[in-house]
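Heads up, the thing below is written out as structure tokens.
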Amino acid sequence: MKKINLIATAAFGLESVVAWELKDLGFEDTECRNGEVRFSGTLEDIIRTNLWLRTSDRVLIEMGRFTARTFDELFEGTKALPWEDWIGERDAFPVKGKAVRSTLMSVPDCQSIVKKAVVERLKTRYRKDWFPETGPSHPIEVAVVKDEVRLTLDTSGWGLHKRGYRPSAGEAPLRETLAASLVNLSFYRGDRPFVDPFCGSGTILIEAALLGTHTAPGLTRSFVSEQWDVFPQGMWKKVRERAAAQKKDSLPYGLVGYDIDEKILKTARQNADAAGVGHLIDFHRQDIRDFSSSKQYGCMITNPPYGERMGEIKEAEALYRTLGRVTRGLDTWSIYVITASRSFERLFGKKADRKRKLYNGRIRVDYYQYMGPRPPSV
């Protein structure tokens, strides 16, 4: 099979982070667009990216792009694509869709037209008039944006943020992919002390530990494309075993998380154990006012409370002031804070070296980055 056109989807503002990850995996020719990074690869690359991408939401196969302003154009454009290369005569192929600022704005109608067109294409290949769809699922998405149609096959199934270690989370949790992005944007690579003083359910710490130990985030979960006949027998198992062999069991420095809620700390410990990194992270009940560290060249990444109502906002602002005070003497540390507060720098008492606009779900946030010096070479 020739090179496959692939898409790694991304949350707004994280496209470049996903592109960096793809480059680290050996993909040189990437193209960033809003909400996605395009690249090409092989069947094995579909497996590798699903297993290894920490910051992407899904890995899609791009079946085709074309302009359609009528349902006839949508039908013919869809029918012209080689669906039989991926979908067998018993396979399921559910269709979902979206439409934005296009002539064809009825999503149910677009889904129905695409479904019919795929059936007609498969009829020609398999010489059948009816398909039971009892086999593995091949999810199709039709996206119509400004009359441009993009048709894709989803190889991931559940979003890649579902690592499998977090059955429960605290209030206002960060998605695993966003937490991993915060770590990727920092200096932390497993070689320095790491602290989260507002750790909640532990997601940032867990993602840092997975990165530091070079653990593939998708190693223990399943993917919808694992059951597809197009993959040679044993390929998924082989690539998983290769990924598992790269995992490290220890780090030179442990990771530490603090929170004032013992109940949420219990959840954090359970999540860390489920992720296989519980032995690397120490969780303690402690108020931010009591934080201190004698370690050098540490890394702090944290998601303190935002506050939505007036009383909560005042409490959050007091926490930001306290965070600035207790970290003032950590001259060699790198400190990273994600918050929706527009007043954070003033309250913290220092202007950030860098500030990046991101979204935590639908909440617009900023990632304030205070870059400390790198550790001296050993």
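Per the working numbering, residue 1 is the first one in the sequence shown, and the count goes up by one each step. Ideal Cβ positions, reconstructed from N, Cα and C, are used throughout, including at glycine.
Run through DSSP, which three-state label would residue i get?
{"i": "S111", "result": "The sequence as given places Gln at residue 111; Ser does not occur at that position. Here Q111 sits in helix by DSSP."}
{"i": "A11", "result": "coil"}
{"i": "L104", "result": "coil"}
{"i": "S16", "result": "helix"}
{"i": "R374", "result": "coil"}
{"i": "I47", "result": "helix"}
{"i": "N184", "result": "helix"}
{"i": "N303", "result": "coil"}
{"i": "H284", "result": "strand"}
{"i": "D91", "result": "coil"}
{"i": "S40", "result": "strand"}
{"i": "I260", "result": "coil"}
{"i": "D196", "result": "strand"}
{"i": "G64", "result": "strand"}
{"i": "T213", "result": "coil"}
{"i": "A179", "result": "helix"}
{"i": "Q227", "result": "helix"}
{"i": "Y165", "result": "coil"}
{"i": "N34", "result": "coil"}
{"i": "T124", "result": "helix"}
{"i": "T267", "result": "helix"}
{"i": "E148", "result": "strand"}
{"i": "K237", "result": "helix"}
{"i": "L6", "result": "strand"}
{"i": "G97", "result": "strand"}
Can you give me the Cβ contacts of residue i inside the same chain, cut-off strictly under 6 Å, excluding the 5 residues immediately before and after it?
{"i": "L81", "result": "M63 and G64"}
{"i": "P139", "result": "P94 and D154"}
{"i": "W228", "result": "P136"}
{"i": "Q111", "result": "V95 and G97"}
{"i": "A340", "result": "Y306, I363 and V365"}
{"i": "H284", "result": "Y258"}
{"i": "I313", "result": "G307"}
{"i": "D72", "result": "none"}
{"i": "N5", "result": "S40 and E62"}
{"i": "Q286", "result": "Y258"}
{"i": "I7", "result": "E36, R38, L60 and E62"}
Near residue i, what residues of its chain come up, given a Cβ to Cβ distance below 7 Å and the 5 sequence neighbours on each side ignored?
{"i": "Y359", "result": "A11, F12, G13 and V365"}
{"i": "P108", "result": "none"}
{"i": "R175", "result": "H161"}
{"i": "N271", "result": "Y165, R166, S201, G202 and I206"}
{"i": "K295", "result": "P193"}
{"i": "L251", "result": "G190, G212, T213 and L280"}
{"i": "V378", "result": "Confidence in V378 is poor, its pLDDT being 47 and thus under 50, which makes the residue's placement too unreliable to answer from."}
Tell me whether the beta-carbon of residue i lies closer than 7 Å to the beta-carbon of residue j.
{"i": "Y367", "j": "R356", "result": "yes"}
{"i": "P173", "j": "S201", "result": "yes"}
{"i": "V149", "j": "A99", "result": "no"}
{"i": "G278", "j": "S334", "result": "no"}
{"i": "W52", "j": "A274", "result": "no"}
{"i": "D147", "j": "S106", "result": "no"}
{"i": "I281", "j": "L255", "result": "yes"}
{"i": "L74", "j": "I113", "result": "yes"}
{"i": "P375", "j": "Y297", "result": "yes"}
{"i": "I338", "j": "S186", "result": "no"}
{"i": "V230", "j": "W86", "result": "yes"}
Excluding the 5 residues flanking residue i on each side, which residues of the same chain have their C-beta closer than 8 Å to its C-beta?
{"i": "N50", "result": "V59, T155, S156, L160, G218, F223 and S225"}
{"i": "K79", "result": "A117, V118, E120 and R121"}
{"i": "G35", "result": "T9, A10, A11, F12 and E15"}
{"i": "K128", "result": "E89 and L122"}
{"i": "T70", "result": "T103 and L104"}
{"i": "R221", "result": "W158, K162, R163 and G164"}
{"i": "N184", "result": "V17, W20, E21, R54, T55 and L211"}
{"i": "E76", "result": "A117"}
Quick test of your reading: residue i and residue j, contact by CB under 8 Å. State the CB separation rounded to the nearest angstrom.
{"i": "C299", "j": "P193", "result": "7 Å"}
{"i": "D191", "j": "I204", "result": "Going by Cβ atoms, the distance from D191 to I204 rounds to 17 Å, so no, they are not a contact pair."}
{"i": "Y320", "j": "F291", "result": "Actually they are not in contact, since the Cβ atoms of Y320 and F291 sit about 14 Å apart, beyond 8 Å."}
{"i": "F198", "j": "P304", "result": "5 Å"}
{"i": "V239", "j": "I61", "result": "Incorrect: roughly 17 Å between the Cβ atoms, too far for contact."}
{"i": "L330", "j": "S293", "result": "7 Å"}
Chain D beta carbons: is any one of them nearer than 7 Å to that of residue i?
{"i": "L60", "result": "Given the protein chain composition of this structure (a single chain), no chain D is represented."}
Take every Cβ of the segment 180–189, pair it with every Cβ of the segment 225–236, and state whether three or more of those distances are shorter than 8 Å.
-> Short answer: they don't touch.
- Task: Evaluate the contact criterion for the segment 205–220 versus the segment 20–30: three or more CB pairs, one atom per stretch, below 8 Å.
- Result: With a cut-off of 8 Å, the segment 20–30 and the segment 205–220 do not count as touching, because too few Cβ pairs lie within range.
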